[in-house]
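Enquirer:
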Amino acid sequence: KDIGDLAKKLFKDFVNQAKADGKQFVGDHKEAFVRRTEQFKNGEISETNYKNGLLNLLALAKMERLKQEGLAQVEIDKFTGGVIDILIDAGLRAIP
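28 is the number that our numbering gives to position 6 of the sequence shown; each next residue is one higher, with no gaps.
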């Protein structure tokens with residue numbers, strides 16, 4: 023039960039944060055994407071300029087993914103440490 027409770031808390035918090043970060047990323051970059059697309063459609067910027075803007079956005083998305091992977095690893099490490107603590111406590115309680 024202790025391990026289940028630990029997993030629920032740590033990973034629920036992580037999932038909620040990842041969702042919030044994803045929404046924030048889209049919110050932060052949607053307007054620029056729409057604006058650049060409109061500029062390209064209207065002939066205000068070249069195809070090369072438009073593609074470069076998309077590549078920059080892709081690079082930002084990749085950096086966000088790497089950040090999320092790092093945060094996930096932190097949560098996994100916390101979980102592993104918590105499980106070890108629970109097992110040690112259980113082992114010590116079993117000693118007469």
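Built from N, CA and C at the ideal position, the CB exists for glycine as well.
In this text the structure is predicted, and so the values were computed from the model without any measurement.
Checking 7 Å against the spacing of the C-beta atoms, do ASP129 and ILE108 come in under that value?
Expert: Coverage of the chain is limited to positions 23 through 118, which leaves residue 129 absent and any answer about it impossible.
Enquirer: Where does GLU66 sit, in a helix, a strand or coil, going by DSSP?
Expert: Here residue 66 refers to the residue found at position 44 of the sequence shown. Coil at GLU66, not helix or strand.
Enquirer: On the three-pair Cβ rule with 8 Å, is the stretch 35–53 touching the stretch 108–117?
Expert: Result no; under three Cβ-Cβ pairs closer than 8 Å.
Enquirer: Decide if ARG87 is buried, meaning its Cβ has at least 16 other Cβ atoms within 10 Å, or exposed.
Expert: Counted from its first residue, the sequence shown places residue 87 at position 65. Exposed.
Enquirer: Whole angstroms is fine: what's the gap from PHE62's alpha carbon to LYS52's?
Expert: Residue mapping note: residue 62 aligns to position 40 of the sequence shown, counting from 1. Residue mapping note: residue 52 aligns to position 30 of the sequence shown, counting from 1. Between the alpha carbons of PHE62 and LYS52 lies a gap of roughly 15 Å.
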